[in-house]
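Residue numbers (the working numbering), protein chains in the order written: chain A, 1 to 157; chain B, 1 to 447. All residues carry an ideal CB built from backbone N, CA and C; glycine is no exception.
Take a look at the structure:
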């Protein structure tokens with residue numbers, strides 16, 4: 001279900017917590033599973049739950065509570081743009097509009113070629129760098145003016 | 001942040017080299033881990049360490065401003081298993097200081113946590129790092145490996161018989177986990193829903209054991225308290241407000257960024273450090289302590305100093321030190337609509353007044369912004385707020401209501417104008433000239 005490499009990384013997370021508290025590793029385990037599979041299908045969540053010895057529903061509660069888990073398929077590149085007030089004061093909404101126009105999609109949509117998904121994000125704790133966006137959850141991009149957005153899109157092969 | 005200016009820098013002293021200065025060798029070269037070494041070499045007792053922190057009047061930098069030494073003293077002496085937890089779930093709109101601390105000075109947090117572990121008698125700690133800064137979560141893990149290799153973490157630290165280990169726990173997108181008991185639930189691998197208090201974490205915390213939770217900046221300040229001494233640290237600030245503090249300045253200034261200033265610095269000085277108003281436009285309003293803090297009008301904030309007491313006296317909160325600056329081009333109805341959406345999105349859903357009430361708040365503000373407000377709406381907002389605040393397990397309900405109350409206190413006329421004329425008091429062309437905030441409006445979506 002998950003690769004040996006992913007399982008090894010999950011084991012490393014479990015080792016951080018006291019004996020018997022392996023459920024603490026579920027957040028990292030789901031992140032690792034999502035990284036391998038692209039998104040979290042029900043069976044993936046169930047597998048992770050089983051691996052950590054917790055009820056499937058408890059893992060599903062976690063997967064559905066935290067907004068960086070994708071419970072639906074997403075494009076190869078998921079772009080999440082912060083539009084909260086501090087970012088908006090410095091071009092966050094403009095950056096999102098630019099991307100919508102460029103990609104021809106709205107928030108929560110994926111381009112027909114499956115390459116890009118666009119998401120509206122809440123505060124990422126980087127308001128001084130606005131406009132700010134995340135690429136596939138793990139890479140933060142700062143000062144995303146139209147020129148920078150163009151560069152980023154060109155990098156996304 | 002590219003632009004850092006500081007007076008008597010402590011927290012930001014190591015930031016000058018940017019991304020090249022975070023490693024353990026750099027940290028040691030600027031005096032890092034000296035505080036820990038001194039505490040262990042001088043065999044300071046746990047009580048002496050806590051007393052020194054009390055003397056410094058270091059107050060919690062996460063937003064509540066609770067005295068750190070007092071918090072540590074609540075930890076029960078006899079309990080065999082205790083934990084220290086760092087809250088780096090930074091997601092309050094406007095706040096971005098902890099990100100830079102972990103980016104440029106992760107070892108200061110590690111040293112602060114080891115000292116805390118010693119003081120409260122905990123042998124294990126976790127730093128909860130929100131998911132959006134995953135690159136810094138990875139950097140923190142590298143810093144932990146460095147500290148372990150250097151003998152600062154693990155068994156028998158520096159040969160002094162102290163055991164303490166520390167790990168990073170990743171968040172994955174939930175503002176509510178900044179609430180300390182939600183954060184503990186999250187470390188336990190559950191939904192981040194706050195717990196009833198009491199019992200407080202010092203009695204029943206992580207995995208049911210006594211736990212001390214402090215903000216990232218609080219831990220990062222601890223080594224300096226011991227390097228310069230508690231009373232010298234206090235003297236940097238003003239009475240009851242010890243030390244220096246990071247202020248995250250965002251919005252309509254020329255140089256957004258983090259600025260370290262002594263507690264009690266005039267707001268006008270901070271504004272000047274942040275390069276003044278963008279485009280030379282006029283200051284309209286400031287949210288002084290993160291999005292949950294009530295907004296203050298320009299004339300009020302310009303008379304304030306940056307400390308817990310002065311901002312509280314002006315009717316707001318210093319909070320996390322996130323200063324959101326808005327100029328005359330901002331429509332306050334639209335600003336509040338965006339904030340109220342945030343609280344609706346981030347309510348964990350546990351308590352009915354918050355789960356339902358935040359949605360109602362947004363719905364009403366949305367209709368005012370979109371030209372469908374009703375004359376009774378402003379009173380309705382306040383009444384609704386009264387039914388949310390103080391009626392929920394955690395403070396998110398209050399946090400959603402405070403911005404509404406603040407806006408109606410200082411900018412009620414703008415809301416009334418919106419309701420009566422079905423458009424902004426701030427003319428369209430002024431909004432367009434000022435910021436890129438209003439592209440939705442230009443597309444015809446809003447008024």
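If you draw a straight line from the C-alpha of residue i to the C-alpha of residue j, how long is it?
i              : j              : result
residue 221(B) : residue 92(B)  : 21 Å
residue 58(A)  : residue 274(B) : 46 Å
residue 132(B) : residue 94(B)  : 15 Å
residue 151(A) : residue 111(A) : 18 Å
residue 158(B) : residue 167(B) : 19 Å
residue 34(B)  : residue 29(A)  : 37 Å
residue 322(B) : residue 291(B) : 8 Å
residue 394(B) : residue 176(B) : 9 Å
residue 267(B) : residue 352(B) : 38 Å
residue 422(B) : residue 24(A)  : 51 Å
residue 76(A)  : residue 102(A) : 17 Å
residue 19(B)  : residue 104(B) : 6 Å
residue 14(B)  : residue 358(B) : 41 Å
residue 11(A)  : residue 363(B) : 45 Å
residue 173(B) : residue 32(A)  : 15 Å
residue 42(B)  : residue 46(A)  : 53 Å
residue 427(B) : residue 164(B) : 59 Å
residue 20(A)  : residue 85(B)  : 19 Å
residue 51(B)  : residue 226(B) : 11 Å
residue 135(A) : residue 100(A) : 15 Å
residue 28(B)  : residue 285(B) : 42 Å
residue 234(B) : residue 202(B) : 25 Å
residue 153(B) : residue 368(B) : 55 Å
residue 258(B) : residue 249(B) : 6 Å
residue 6(B)   : residue 90(B)  : Legend: pLDDT at residue 6(B) = 42, less than 50; position of this residue unreliable, value from coordinates given subsequently. Those two C-alpha atoms are separated by around 22 Å.
residue 155(A) : residue 143(B) : 30 Å
residue 283(B) : residue 315(B) : 19 Å
In three-state terms, what does DSSP make of residue i?
i              : result
residue 55(B)  : helix
residue 106(B) : helix
residue 120(A) : strand
residue 138(A) : coil
residue 145(A) : coil
residue 14(A)  : helix
residue 295(B) : coil
residue 2(A)   : coil
residue 112(A) : coil
residue 99(A)  : helix
residue 283(B) : strand
residue 322(B) : strand
residue 33(B)  : coil
residue 75(B)  : coil
residue 260(B) : strand
residue 86(A)  : helix
residue 336(B) : helix
residue 185(A) : Examination of residue 185(A) is not possible in this model, given that chain A is present from 1 through 157 alone.
residue 152(A) : helix
residue 309(B) : helix
Any idea if residue i is buried or exposed, counting beta-carbon neighbours within 10 angstroms, 16 or more meaning buried?
i              : result
residue 71(B)  : buried
residue 214(B) : buried
residue 196(B) : exposed
residue 127(A) : buried
residue 3(A)   : exposed
residue 186(B) : buried
residue 13(A)  : buried
residue 262(B) : buried
residue 100(B) : buried
residue 66(B)  : exposed
residue 104(A) : exposed
residue 443(B) : Caution applies to residue 443(B), whose pLDDT of 39 falls short of 50 and renders its modelled position unreliable; the value that the coordinates give is listed next. The residue is exposed, with fewer than 16 neighbouring Cβ atoms inside 10 Å.
residue 337(B) : buried
Inset, instruction - Starting from the N-terminal side, write out each stretch of the beta strand (DSSP E) that is 3 residues or longer and does not extend beyond the stretch 111 to 195 of chain B. - result: If we require 3 residues or more, the beta strand (DSSP E) runs fully inside the stretch 111 to 195 of chain B come out as 124 to 129, 154 to 157, 162 to 170.
Inset, instruction - Kindly provide the ranges of any alpha helix (DSSP H) runs that are 4 or more residues long and lie completely inside the stretch 44 to 80 of chain A, ordered along the chain. - result: The DSSP assignment places 56 to 65 as complete runs of the alpha helix (DSSP H) inside the stretch 44 to 80 of chain A, in order along the chain (cut-off: 4 residues).
Inset, instruction - Give, in chain order, every unbroken run of the alpha helix (DSSP H) that is at least 4 residues long and sits entirely within the stretch 338 to 410 of chain B. - result: Within the stretch 338 to 410 of chain B, the complete alpha helix (DSSP H) runs of at least 4 residues are 352 to 369, 377 to 388.
Legend entry - Within 7 Å of chain A by C-beta, residues of the stretch 343 to 360 of chain B in sequence order: Cβ contacts with chain A come from 345, 346.
Inset, instruction - Could you name the residues of the stretch 169 to 190 of chain B whose beta carbon sits closer than 8 Å to any beta carbon of chain A, in the order they occur along the chain? - result: Under the 8 Å Cβ criterion, the stretch 169 to 190 of chain B contributes 169, 170, 171, 172, 173, 174, 175, 186, 187, 188, 189, 190.
Legend entry - Residues from the stretch 127 to 157 of chain B in contact with chain C, defined by Cβ distance under 8 Å: No chain C appears in the structure shown, which is made up of the protein chains A and B.
Inset, instruction - Output, in sequence order along the chain, the residues in the stretch 96 to 115 of chain A whose CB is closer than 7 Å to any CB in chain B. - result: Hits within the stretch, in order: 97.
Legend entry - Segments of 4+ residues assigned as alpha helix (DSSP H) that fall wholly inside the stretch 203 to 255 of chain B: If only complete runs of 4 or more residues are kept, the stretch 203 to 255 of chain B shows the alpha helix (DSSP H) at 216 to 228, 230 to 236, in order along the chain.
Legend entry - Residues of the stretch 247 to 270 of chain B whose Cβ lies closer than 8 Å to any Cβ of chain A, in chain order: For the stretch 247 to 270 of chain B, which is checked against every Cβ of chain A, the residues closer than 8 Å are 248, 249, 250, 251, 252, 256, 257, 258.
Legend entry - Proximal residues, the stretch 4 to 20 of chain A versus chain B, C-beta separation under 7 Å: Of all residues in the stretch 4 to 20 of chain A, 16, 18 have a Cβ within less than 7 Å of some Cβ in chain B.
Inset, instruction - Taking only beta carbons into account, state which residues of the stretch 87 to 118 of chain B come closer than 8 Å to chain A, listed in chain order. - result: Residues 90, 91, 92, 93, 94, 95, 96, 98, 99.
Inset, instruction - With 7 Å as the limit, tell me which residues of the stretch 285 to 301 of chain B have their beta carbon closer than that to any beta carbon of chain A; keep them in chain order. - result: Residues are counted here when their Cβ sits less than 7 Å from a Cβ of chain A; for the stretch 285 to 301 of chain B these are 291, given in chain order.
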